[in-house]
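Below you'll find the structure, written out as C-alpha cells, and then a few comments.
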Amino acid sequence: MSNLTSLTLKAALTGLADKSFSSVELTQAHIEAVAAAKPLNAYVLETPDKALDMAAASDARRAKGQAGALDGAPLGIKDLFCTEGVRTTACSNILGNFVPTYESTITANLWRDGAVMLGKLNLDEFAMGSSNETSAFGPVVNPWRAQGSDAKLTPGGSSGGSATAVAADLCLGATATDTGGSIRQPAAFTGTVGIKPTYGRCSRWGVVAFASSLDQAGPIAKTVEDAAILLKSMSGHDAKDSTSLDIAVPDFPAFVGKSVKGLRIGIPKEYRVDGMPAEIEQLWEKGIAWLKDAGCEIVEVSLPHTKYALPAYYIVAPAEASSNLARYDGMRYGLRVEGANLTETYENTRAAGFGTEVKRRIMIGTYVLSAGYYDAYYVKALKVRRRIADDFDQAFQKVDALLTPTAPSAAFALGENADDPVAMYLNDIFTVTVNLAGLPGMSIPAGVDHKGLPLGLQLIGKALDEGTLFSLGGAIEKAADFRAKPSRWW
Amino acid sequence: MAIDAATVRKVARLARIAEPEDRIEPLARELSGIMDWIEQLAEVDTDGVEPMTSAVAVAAPMREDVVTEGGDSARVLSNAPKTVGGFFVVPKVVE
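Chains as they are written, first to last, in my numbering: chain Z, 1 to 490; chain F, 491 to 585.
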C-alpha cells in the first residue's frame with residue numbers, strides 16, 4: 001500500500017514525534033491496507049471509524065505535548081481480548097455477537113499509552129489450534145508462499161491473525177496470547193517476532209479464558225525492539241487478576257542492543273527430535289554460532305522430561321478448558337438453542353456453538369477430571385508438570401537462557417494436518433514446555449528454508465528475565481539480518 | 491486405554507454437549523487415539539512429587555471484603571439472549 005505501513009513501530013513513533021506525518025495519515029494508510037487484504041482473512045472485524053477517531057484524538061494530544069509511549073500507533077487486537085463496545089467472539093459461534101461492556105486490562109493499557117485500534121484479529125476458536133483452521137470465521141492465510149507455488153499456507157495458530165497482520169503490514173504490531181505456543185509458532189511461520197512473557201507479567205483480566213494456569217498474553221511485532229515497546233505497555237500489576245505479579249515493569253526497550261558478552265546459553269539436547277528437517281537443525285547451529293560470535297558461552301544442558309510436556313499439556317489444558325468453558329451455557333450471553341428442558345437447552349446450545357476441536361478438548365478435559373480418572377490422569381499430569389519445571393530450574397543453575405528452534409517445521413499447507421489431532425498437537429513440541437513452567441519465551445525470525453519460507457529460533461529465559469531475552473533476541477536479529485518480506489499477492 | 495461409545499455418551503452428557511449418534515463412534519476413535527498417546531506419561535517416575543497447581547508460586551492476594559462494582563443491571567444484561575424486567579429469562583428449572 002503506502003510506505004507508511006512498511007515502517008516498524010519504532011520508526012513510526014519517531015515519525016509521529018518528528019511530525020513527519022500525523023496519526024490520522026498513518027492510520028488511514030493502514031485502514032486502506034487492511035481493506036485491500038481480505039484474501040488473508042486476518043481481521044474478523046475492522047473498526048476504521050473508531051481508528052480514525054482515536055488517531056485524531058492522538059494528534060490532538062501530541063499537538064498539546066501530551067503524547068504517550070504508543071501515541072498514534074495503529075495496532076491489531078486478537079479477538080480474544082474484550083474491547084468495550086466492540087464485538088468480541090474468540091472466533092466461536094457460541095459468543096455470537098457478544099459486545100463487552102468492559103475493556104481488557106491489556107488493551108486498556110495500550111489505549112492509556114495512546115495506541116489506535118484498527119480492528120479485531122482472527123484466531124483459532126478459543127485459541128485452541130496451531131493452524132487457525134478452527135476459527136468460526138475460517139482460516140487465516142499466511143502472506144508467505146513457497147517459491148513457485150500458490151498453495152495457501154497456514155500462518156500457524158492460535159494467533160494466526162495477529163502474525164499475518166504484522167507480517168503483511170496490516171498493523172504496526174498486534175496483541176496475541178500463548179497457552180502452548182500460540183504467539184511463538186505463528187511468529188516463526190510468518191517471519192515476525194513474538195514473546196510470551198513470564199506467567200503473571202500481563203493481566204489476564206478481560207482476556208477470554210482457555211487454560212488459566214497456562215494462558216499469557218504478549219505482542220507479535222516486526223522487530224525485537226517493537227516487541228519490547230509493546231510488552232512494556234501491556235505489562236503491569238492488575239488487582240483484577242489474582243495471578244498478576246505485583247512487581248515493577250522493567251524498561252524492556254533499553255535491553256535491546258545491550259551486549260550479550262559472557263552470557264551462558266544452554267542448548268537442550270532433548271530438542272534434537274527425530275524427523276526434524278535438516279534445515280532447522282542447520283539454523284539452530286547458525287544461531288549458536290551467532291551467539292558465540294557475540295561473546296556468549298555455549299553450554300549443553302539436559303531437560304530430560306521434554307518429551308512428556310505435550311502429553312501433560314493435553315491433560316492440563318483441556319481440563320482447565322472444560323472448566324472455563326462451562327460458563328457458555330446460553331443463559332447470560334451468547335448463543336442459546338432452546339430444548340425441551342434446561343439440560344437439553346444447555347446441550348443444544350453447546351453442540352451448536354462450539355466447533356469440533358473445542359468439543360474434542362472439552363470432552364478430553366471432562367474425561368480426565370471425571371470420577372475414577374482424576375488421579376490417574378489429572379494429578380499425574382500435574383506431577384509431570386512439576387518435573388518439567390524442575391528440569392528448567394536445574395538448567396538455569398548453569399545458564400542464563402536457552403536457545404532452541406521455535407517449531408519443528410516451516411508453515412505447512414492449510415488442511416495438511418486437519419485429520420490428525422495428534423500430528424497437529426506436535427507443532428507445539430518446542431514451545432509448550434515454557435507454558436507449563438511459566439517461563440518467558442521469544443521467537444525471532446532467523447532465516448528461510450529451501451522454499452523461501454521463514455523459520456524462527458526460540459529463546460527461553462528465567463522467570464521475570466525478559467530483559468535478557470530482548471538483549472539476546474536483538475543480537476540474533478542483528479546477526480541473522482532477516483529482511484525477507486512476503487511478496488504481495490493478495 | 492480405549493474409550494468406548496458408552497464412555498463417549500457419558501462424557502458428552504457430563505460436558506452438556508449434545509453429540510449426534512453418528513458422531514459417537516468417530517469421537518470414541520479420536521479420543522482413544524489422543525488418550526493412547528497421553529498414556530506415555532505413565533513412564534515418568536512421579537513418586538513423592540508434589541503436583542504443580544500454579545505456574546508461579548505466589549500466595550493468593552487478599553483484599554478488603556467490600557463491594558467494588560454493582561448496581562448496573564443494564565450492563566450485566568446487555569448480552570442476554572432473553573430478559574424481562576431486569577432479569578435473565580431461563581428455562582424452567584423446578585417442576
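Just so you know, even glycine gets a beta-carbon here, dropped at the ideal spot from N, CA and C.
The beta-bridge partner set that DSSP reports for Ser443(Z) consists of Gly194(Z) and Gln458(Z).
In the DSSP assignment, Pro155(Z) falls outside any beta strand (DSSP E) and carries neither an H nor an E. Shown here, Tyr43(Z) sits in a strand according to DSSP, grouped into three states. For Leu403(Z), the beta-bridge partners assigned by DSSP are Leu459(Z).
For Thr243(Z), the secondary structure class from DSSP, reduced to helix, strand or coil, is coil. Between Val299(Z) and Val399(Z), the beta carbon gap of about 5 Å places them in contact (Cβ cut-off 8 Å). Within the DSSP secondary-structure output, Val207(Z) pairs in a beta bridge with Phe81(Z). Between Arg201(Z) and Ser242(Z), the CB-CB gap reaches or exceeds 8 Å.
If you draw a straight line from the Cα of Tyr374(Z) to the Cα of Ser203(Z), it is about 29 Å long. Note that the C-beta distance between Lys269(Z) and Ser302(Z) is below 8 Å.
Closest option to Val584(F), judged by alpha-carbon separation, among Ser487(Z), Ala437(Z), Asn341(Z) and Ala395(Z): Asn341(Z). Counted as a single uninterrupted DSSP element, the stretch harbouring Lys398(Z) is not any beta strand (DSSP E) but the alpha helix (DSSP H) occupying residues Lys380 to Lys398.
DSSP lists Gly119(Z) and Ala174(Z) as the bridge partner or partners of Gly76(Z). Contacts between Ser568(F) and chain Z, judged by CB atoms closer than 8 Å, involve Val99 and Thr101 in chain order. Taking 8 Å as the Cβ-Cβ cut-off, the segment 335-353 of chain Z approaches chain F at Leu335, Arg336, Glu338, Gly339, Asn341, Leu342, Thr343, Glu344, Thr345, Tyr346, Glu347, Asn348, Arg350 and Ala351, given in chain order. Secondary structure at Gly287(Z): helix, using DSSP grouped into helix, strand and coil.
Contact annotation: the segment 352-366 of chain Z touches the segment 311-319 of chain Z, with at least three C-beta pairs closer than 8 Å. Take Leu517(F), set aside five residues on each side of it, and the residues of its chain with a beta-carbon closer than 6 Å to its own are Val498, in chain order. Taking a 10 Å sphere around the C-beta of Trp290(Z), we find 16 or more other C-beta atoms and assign the residue as buried. Remark: C-beta atoms of Thr179(Z) and Ala211(Z) approach each other more closely than 8 Å. Shortest Cα-Cα distance from Thr177(Z) to any of Lys258(Z), Gly441(Z), Leu335(Z) and Lys38(Z) involves Gly441(Z). Bounds of any beta strand (DSSP E) do not take in Gln28(Z); it lies within the alpha helix (DSSP H) bounded by Ser23 to Ala35.
As computed with DSSP, Ala69(Z) is found in no beta bridge at all. In this structure the segment 67-87 of chain Z lies against the segment 115-124 of chain Z, because at least three pairs of beta carbons, one per stretch, are closer than 8 Å.
In the pairwise beta carbon analysis, the segment 425-432 of chain Z is classified as not touching the segment 330-340 of chain Z: fewer than three pairs are separated by under 8 Å.
Sequence-distant partners of Lys478(Z) (beyond 5 residues in either direction) whose C-beta falls short of 7 Å from its own C-beta are missing from its chain.
Boundaries of the alpha helix (DSSP H) harbouring Val358(Z): Thr356 to Leu369, taken from the DSSP string. Checking the DSSP bridge columns, you'll see Arg327(Z) has no partner listed. Just so you know, the alpha carbons of Asp124(Z) and Glu509(F) end up roughly 22 Å apart. For Glu133(Z), the closest C-alpha among the options His450(Z), Ser233(Z), Ala413(Z) and Val193(Z) is that of Ala413(Z).
With a beta-carbon spacing of about 4 Å, Lys451(Z) and Ala146(Z) fall inside the 8 Å limit used to define contacts. Of the residues assessed, Thr558(F) falls on the exposed side of the cut-off, its CB having fewer than 16 other CB atoms within 10 angstroms. When the alpha-carbon of Ala228(Z) is set against those of Leu70(Z), Thr27(Z) and Ser158(Z), the nearest one is in Leu70(Z). One Cα belongs to Glu297(Z), the other to Pro445(Z), and the distance between them is close to 22 Å. Near chain Z, meaning a CB-to-CB distance below 8 Å, the residues of the segment 530-554 of chain F are Gln530, Leu531, Ala532, Glu533, Val534, Thr536, Val539, Glu540, Pro541, Met542, Thr543, Ser544, Ala545, Val546, Val548, Ala550, Pro551 and Arg553. In the structure shown, Phe578(F) adopts extended strand secondary structure according to DSSP, grouped into three states.
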